[in-house]
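Below is one structure; the comments refer to it alone.
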Amino acid sequence: MDLSVNLAPHHKVELRLRNPVMTGSGTSSNGVELAKHYDVEQLGALVSKGTTLRPRRGNPTPRTVETPAGMINSIGFQNIGVNALIQQVAPIWEQWTVPAIVNIMGDTLEEYGLLAARLDGIPGVAGLEVNISCPNVEVGGLEFGQDPELAVDVVREVARNTSLPYLVKLTPSVADIRPVAEAVALAGAHALTVSNTIPALAIDVKRRRPALANVFGGLSGPAVKPIALRNVYLAASVVDIPVVASGGIMSGEDALEFIMAGATAVQVGTATFLDPEAPWRIVRELTAWCETEGVARLDDVRGAARRRD
Amino acid sequence: MRSFDAEVVDTDRLYGSTHILWFRPRPLMDRARPGQFAMAYCGEGADPLLGRAMSVHRLREGRDGREFSFLFDVTGRGTEWLSRRRAGDSVRLVGPLGRGFEPRARVQRMLLVGGGIGVAPLVWLADELAAEGREVTLVLGGRGEPQIFPPHLLPPAVEVVVTTEDGSLGERGRVTAPFERLLPWCDQAFACGPDPMFEALYRVARDSGLRKPVQGLLEARMACGVGICYSCAVFPRRGGVKLVCTDGPMFDLRDLY
Ligand SMILES: Cc1cc2nc3c(=O)[nH]c(=O)nc-3n(C[C@H](O)[C@H](O)[C@H](O)COP(=O)(O)O)c2cc1C
Ligand code: FES
Numbered sequence: 064m065d066l067s068v069n070l071a072p073h074h075k076v077e078l079r080l081r082n083p084v085m086t087g088s089g090t091s092s093n094g095v096e097l098a099k100h101y102d103v104e105q106l107g108a109l110v111s112k113g114t115t116l117r118p119r120r121g122n123p124t125p126r127t128v129e130t131p132a133g134m135i136n137s138i139g140f141q142n143i144g145v146n147a148l149i150q151q152v153a154p155i156w157e158q159w160t161v162p163a164i165v166n167i168m169g170d171t172l173e174e175y176g177l178l179a180a181r182l183d184g185i186p187g188v189a190g191l192e193v194n195i196s197c198p199n200v201e202v203g204g205l206e207f208g209q210d211p212e213l214a215v216d217v218v219r220e221v222a223r224n225t226s227l228p229y230l231v232k233l234t235p236s237v238a239d240i241r242p243v244a245e246a247v248a249l250a251g252a253h254a255l256t257v258s259n260t261i262p263a264l265a266i267d268v269k270r271r272r273p274a275l276a277n278v279f280g281g282l283s284g285p286a287v288k289p290i291a292l293r294n295v296y297l298a299a300s301v302v303d304i305p306v307v308a309s310g311g312i313m314s315g316e317d318a319l320e321f322i323m324a325g326a327t328a329v330q331v332g333t334a335t336f337l338d339p340e341a342p343w344r345i346v347r348e349l350t351a352w353c354e355t356e357g358v359a360r361l362d363d364v365r366g367a368a369r370r371r372d
Numbered sequence: 005m006r007s008f009d010a011e012v013v014d015t016d017r018l019y020g021s022t023h024i025l026w027f028r029p030r031p032l033m034d035r036a037r038p039g040q041f042a043m044a045y046c047g048e049g050a051d052p053l054l055g056r057a058m059s060v061h062r063l064r065e066g067r068d069g070r071e072f073s074f075l076f077d078v079t080g081r082g083t084e085w086l087s088r089r090r091a092g093d094s095v096r097l098v099g100p101l102g103r104g105f106e107p108r109a110r111v112q113r114m115l116l117v118g119g120g121i122g123v124a125p126l127v128w129l130a131d132e133l134a135a136e137g138r139e140v141t142l143v144l145g146g147r148g149e150p151q152i153f154p155p156h157l158l159p160p161a162v163e164v165v166v167t168t169e170d171g172s173l174g175e176r177g178r179v180t181a182p183f184e185r186l187l188p189w190c191d192q193a194f195a196c197g198p199d200p201m202f203e204a205l206y207r208v209a210r211d212s213g214l215r216k217p218v219q220g221l222l223e224a225r226m227a228c229g230v231g232i233c234y235s236c237a238v239f240p241r242r243g244g245v246k247l248v249c250t251d252g253p254m255f256d257l258r259d260l261y
């Protein structure tokens with residue numbers, strides 16, 4: 064059985080995963096903690112915590128709150144910064160054969176370019192994931208990913224500064240994900256990640272204030288799965304680059320739903336908080352399903368649930 | 005950091021609205037130390053979604069080895085579900101986690117301070133310290149008598165001081181008064197309770213000029229318990245950011261305030 068996938072089929076450098084199960088950014092730190100307990104080589108790929116040019120302490124607490132079948136977070140991009148990542152974490156990744164992908168986040172167009180340039184050619188870094196679900200401080204807080212033209216600017220800026228394969232992580236905060244998916248793919252992105260957390264709010268009635276110190280946060284977990292599934296289905300209908308699914312994937316069956324909607328790979332996020340072994344369990348469940356169903360390659364079921372027209 | 009199903013052997017409403025859950029021995033939990041915790045996953049399926057961090061409260065010899073327990077108040081859907089578990093039910097756990105208390109090797113006089121349900125991890129610490137032949141004083145504080153852990157359940161060698169805000173049991177007031185009184189006596193202090201209590205204890209310890217080490221077991225909003233979500237941040241006054249679940253939950257109060 065061959066579960067391997069290539070996330071950059073149109074690029075000179077492959078991004079080959081031995082199976083389609085990845086970690087989701089911000090939900091497994093930089094992979095080092097989990098690697099102490101589980102065999103990272105059994106995963107498809109690792110995605111780093113959202114990494115910025117300079118280290119960030121993140122938002123005040125409370126930073127997370129549980130909601131029905133989900134959670135809202137506003138961590139505020141606490142991270143060690145790209146330089147420390149290169150010095151302290153990349154050398155560990157270099158010892159592994161599992162690809163490590165750095166999720167990058169800039170406040171300005173220029174920062175995306177600088178981040179891409181810093182990470183280019185760093186041993187241990189197999190690719191980038193460009194998070195464009197963040198406010199653009201230069202245009203009054205509109206997310207880069209909410210405007211196809213801004214999104215394309217980011218893609219061009221990254222492409223100019225790196226030879227690494229890169230995924231672009233789209234925001235679900237749009238009326239229709241297709242225009243931005245299409246624009247980003249046309250601009251040369253090697254793959255898409257669809258999608259990110261959904262802006263949300265919870266209120267603590269006892270204290271008469273928002274449950275999170277930052278007021279708003281992003282919803283994730285099983286509650287968002289049907290929304291992510293639709294976005295994956297729609298994005299896959301307009302691009303011919305791989306679509307990587309993210310949103311509420313808790314089991315092998317969830318992963319299969321996304322693959323049948325057209326996803327090439329899946330990211331396990333919030334599920335890892337419930338069980339640090341979740342990504343590994345999902346690999347096992349996918350493998351077992353393929354064995355039982357006599358499916359030799361995931362290509363045979365990819366997009367199976369799509370309307371053929 | 006393994007997920008496993010733990011079988012409930014015994015449950016009780018121990019006092020007030022505080023419950024205790026005893027579990028069958030698990031080899032993994034034999035490695036736990038006082039102050040460490042486990043994430044307890046409540047409910048069936050994905051709702052409630054996240055684990056509840058539970059300090060290991062106490063150990064006892066059962067038929068098949070060392071049984072372990074959690075002590076908790078019902079504060080929401082997760083703990084409400086836990087309170088309805090009965091012998092034979094199981095609860096999925098991940099643990100033991102975090103950095104627990106670190107009693108110094110060659111010191112004798114140990115002062116323990118628990119505010120409210122913060123008593124939970126201190127009972128096991130008191131058990132161990134008393135068994136090692138050290139002198140232990142445990143200060144218990146609460147709003148009123150229903151919030152006070154029953155002293156007769158503690159080893160007889162442990163001296164207990166009770167404070168209640170309404171004066172219904174022991175001294176009227178907060179734990180800070182006996183803490184201040186007993187600080188000169190002790191060699192090392194350990195505390196668990198709400199955040200404002202830690203700040204108050206830190207101030208007393210600092211103003212005493214005695215430089216007594218005080219280890220606090222912090223509570224924080226946790227989503228993962230294993231250092232991968234960054235929900236449980238604390239910001240030490242001197243700068244930077246720490247994670248309660250992996251850098252703690254035990255911190256020397258001087259490193260925070
Ligand atoms: C606590 C937390 C932190 C996250 N941090 C990031 C991040 O730094 N960068 C990013 O692109 N996505 C981040 N995400 C989004 C996840 O990678 C994922 O896309 C989203 O949570 C949906 O998937 P899930 O339902 O499987 O968690 C974060 C999510 C959570 C819950
Ligand atoms: S609770 Fe997730 S990092 Fe501490």
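Each protein sequence line maps, in turn, to chains A and B. Quick note: the first sequence uses the numbering used here, first residue 64, plus one each step. Quick note: the second sequence uses the numbering used here, first residue 5, plus one each step. Glycine is no exception: its CB is placed at the ideal position from the N, C-alpha and C atoms.
**OP:** Quick one: list the residues of chain B neighbouring E96(A), beta-carbon separation under 9 Å, in chain order.
**Re:** Here residue 96(A) refers to the residue found at position 33 when the first sequence is read from its first residue. Ordered by position in chain B, the residues that pass the 9 Å Cβ test against E96(A) are M5, V230, G231, I232 and T250.
Subject >> chain B contact residues for Q150(A), given Cβ-Cβ distances below 8 Å >> reply: As a first step, residue 150(A) is located in the first sequence; it is residue number 87 there, counting from the start. Within chain B, no residue comes near Q150(A); the closest Cβ sits about 17 Å away, beyond 8 Å.
Original post:
Counting along the chain, where does the beta strand (DSSP E) carrying V302(A) start and finish?
Top reply: Indexing the first sequence from 1 puts residue 302(A) at position 239. Unbroken run through V302(A): none, as it is neither H nor E.
**OP:** Inspect the beta-carbon positions of R35(B) and E11(B) and report whether they are closer than 8 Å.
**Re:** Walking along the second sequence from the start, residue 35(B) turns up at place 31. Walking along the second sequence from the start, residue 11(B) turns up at place 7. No, the Cβ-Cβ distance between R35(B) and E11(B) is not below 8 Å.
Original post:
Measuring from the CB of A227(B), is there a heavy atom of ligand 2 at a distance below 7 Å?
Top reply: On the second sequence, residue 227(B) is found 223 positions in, with the first residue counted as 1. Yes, ligand 2 has a heavy atom inside 7 Å of this Cβ.
**OP:** Mind listing, in chain order, the continuous alpha helix (DSSP H) runs of no fewer than 4 residues lying wholly within the segment 70-101 of chain A?
**Re:** 95-98
**OP:** Please go through the same chain and pick out, in chain order, the residues whose beta-carbon is closer than 6 Å to the beta-carbon of L21(A), but skip the five residues on each side of it.
**Re:** Outside the shown range of chain A (64 to 372) lies residue 21(A), about which nothing can therefore be said.
Original post:
DSSP state of P31(B), grouped into three classes?
Top reply: Working through the second sequence from its first residue, we reach residue 31(B) at position 27. Correct three-state label for P31(B): helix.
**OP:** Return the CA-CA distance between V264(B) and S91(A), expressed in angstroms with no decimal places.
**Re:** A query on residue 264(B) cannot be resolved here, the shown segment of chain B reaching from 5 to 261 and no further.
Original post:
Would you call the segment 213-225 of chain A and the segment 191-198 of chain A in contact, with 3 or more CB pairs under 8 Å?
Top reply: yes
Subject >> Residues bridged to R26(B) [DSSP beta-bridge criterion] >> reply: Numbered from its first residue, the second sequence carries residue 26(B) at position 22. According to the sequence provided, residue 26(B) is Trp. The question's Arg does not apply to it. Per DSSP, D14(B) and S73(B).
Original post:
Quick one, are the C-beta atoms of L97(A) and A328(A) less than 8 Å apart?
Top reply: Taking the first sequence and counting its residues from 1, one reaches residue 97(A) at position 34. Taking the first sequence and counting its residues from 1, one reaches residue 328(A) at position 265. No, the Cβ-Cβ distance between L97(A) and A328(A) is not below 8 Å.
Original post:
Listed in chain order, which residues of the segment 43-72 of chain B have Cβ atoms closer than 9 Å to some Cβ of chain A?
Top reply: M43, Y45, G49, A50, D51, P52, L53, L54 and G55
Subject >> Bridge partner(s) assigned by DSSP for D256(B) >> reply: Counting from 1 along the second sequence, the entry for residue 256(B) is found at position 252. DSSP output for D256(B) lists Q219(B) as bridge partner(s).
Original post:
Are F140(A) and G169(A) touching if we call contact CB-CB under 8 Å?
Top reply: For the purposes of this step, residue 140(A) is taken as the residue at position 77 of the first sequence. For the purposes of this step, residue 169(A) is taken as the residue at position 106 of the first sequence. Their beta carbons are not under 8 Å apart, which means F140(A) does not touch G169(A) by this criterion.
Original post:
Residues of chain A with CB under 7 Å from A237(B), in chain order?
Top reply: Within the second sequence, residue 237(B) is the residue found at index 233, counting from 1. Here the neighbours are G121, T124, R126 and Q141.
Subject >> Straight-line Cα distance separating R215(B) from M33(B) >> reply: For this step, residue 33(B) is matched to residue 29 along the second sequence. For this step, residue 215(B) is matched to residue 211 along the second sequence. In a straight line, the C-alpha of M33(B) is about 34 Å away from that of R215(B).
Subject >> Pair within 8 Å by beta-carbon distance, V166(B) and E175(B) >> reply: The count along the second sequence starts at 1 and reaches residue 166(B) at position 162. The count along the second sequence starts at 1 and reaches residue 175(B) at position 171. Yes; because the gap between Cβ atoms is below 8 Å, this pair is in contact.
**OP:** With 8 Å as the threshold, decide whether the Cβ of T114(A) is near any Cβ in chain B.
**Re:** Locating residue 114(A) in the first sequence gives position 51, where the first residue counts as 1. So no, T114(A) is outside the interface.
Original post:
Out of curiosity, what's the CA-to-CA distance linking V164(B) and W26(B)?
Top reply: Along the second sequence, read from residue 1 onward, the residue named residue 164(B) stands at position 160. Along the second sequence, read from residue 1 onward, the residue named residue 26(B) stands at position 22. Approximately 24 Å between the Cα atoms of the pair.
Original post:
Are the C-beta of V78(B) and some C-beta of chain A separated by less than 8 Å?
Top reply: What you label residue 78(B) is simply residue 74 of the second sequence in a count that begins at 1. No - not a single Cβ of chain A is within 8 Å of the one on V78(B).
Original post:
According to the neighbour-count rule (16 or more other Cβ atoms, all chains shown, within 10 Å of its Cβ), is W156(A) buried or exposed?
Top reply: Counting from one through the first sequence, the residue named residue 156(A) turns up at place 93. Buried is the call here.
**OP:** Check whether the segment 337-352 of chain A touches the segment 293-311 of chain A, counting contact only when three or more Cβ pairs, one atom from each stretch, lie closer than 8 Å.
**Re:** no
**OP:** Would you kindly work out how many angstroms separate the C-alpha atoms of L230(A) and F239(B), rounded to a whole number?
**Re:** Position 167 of the first sequence, counting from 1, holds the residue named residue 230(A). Position 235 of the second sequence, counting from 1, holds the residue named residue 239(B). Using only the alpha carbons, I get a separation of about 33 Å.
**OP:** Decide yes or no for the touch test of the segment 136-153 of chain A against the segment 43-57 of chain B: beta carbon pairs closer than 8 Å, at least 3 of them.
**Re:** no
**OP:** Using a Cβ-Cβ cut-off of 8 Å, state whether F336(A) counts as contacting chain B.
**Re:** The count along the first sequence starts at 1 and reaches residue 336(A) at position 273. Yes, contact with chain B.
Original post:
How close, in whole Å, do the beta carbons of G145(B) and G171(B) come, if the pair is a contact with beta carbons under 8 Å?
Top reply: Position 141 of the second sequence, counting from 1, holds the residue named residue 145(B). Position 167 of the second sequence, counting from 1, holds the residue named residue 171(B). Their Cβ separation, rounded to whole angstroms, is 12 Å, which puts G145(B) and G171(B) out of contact at 8 Å.
Original post:
Say the cut is 7 Å; is the CB of Y45(B) nearer than that to a heavy atom of ligand 2?
Top reply: Within the second sequence, residue 45(B) is the residue found at index 41, counting from 1. No; taking the cut-off as 7 Å, the Cβ of Y45(B) has no heavy atom of ligand 2 nearer than that.
Original post:
Does the segment 303-315 of chain A come within contact of the segment 166-183 of chain A, defined as at least 3 CB pairs closer than 8 Å?
Top reply: no
Original post:
Do you know whose CA, among P162(A), N142(A) and T124(A), lies nearest P83(A)'s CA?
Top reply: Taking the first residue of the first sequence as position 1, residue 83(A) is located at position 20. Nearest of P162(A), N142(A) and T124(A) to P83(A), Cα basis: P162(A).
**OP:** Note down, in chain order, each residue of its chain lying with its Cβ closer than 6 Å to the Cβ of A326(A), except the 5 sequence neighbours on either side.
**Re:** Within the first sequence, residue 326(A) is the residue found at index 263, counting from 1. Excluding sequence neighbours, A326(A) sits near V295, V306 and A308.
Original post:
In chain order, what residues of the segment 85-111 of chain B put their CB closer than 7 Å to some CB of chain A?
Top reply: V98
Subject >> Host beta strand (DSSP E) of P125(A) (start-end) >> reply: The residue labelled residue 125(A) in the question sits at position 62 within the first sequence. Run containing P125(A): none; DSSP gives neither H nor E here.
Original post:
Is the segment 219-229 of chain B close to the segment 244-254 of chain B, with three or more CB pairs under 8 Å?
Top reply: yes
Subject >> Bounding residues of the beta strand (DSSP E) (the contiguous stretch that carries E104(A)) >> reply: The residue you call residue 104(A) lines up with position 41 of the first sequence. Unbroken run through E104(A): none, as it is neither H nor E.
Subject >> F50(B) to F8(B) span [Cα, whole Å] >> reply: The count along the second sequence starts at 1 and reaches residue 50(B) at position 46. The count along the second sequence starts at 1 and reaches residue 8(B) at position 4. Inspection of the sequence shows that residue 50(B) is occupied by Ala rather than by Phe. One C-alpha to the other measures close to 17 Å.
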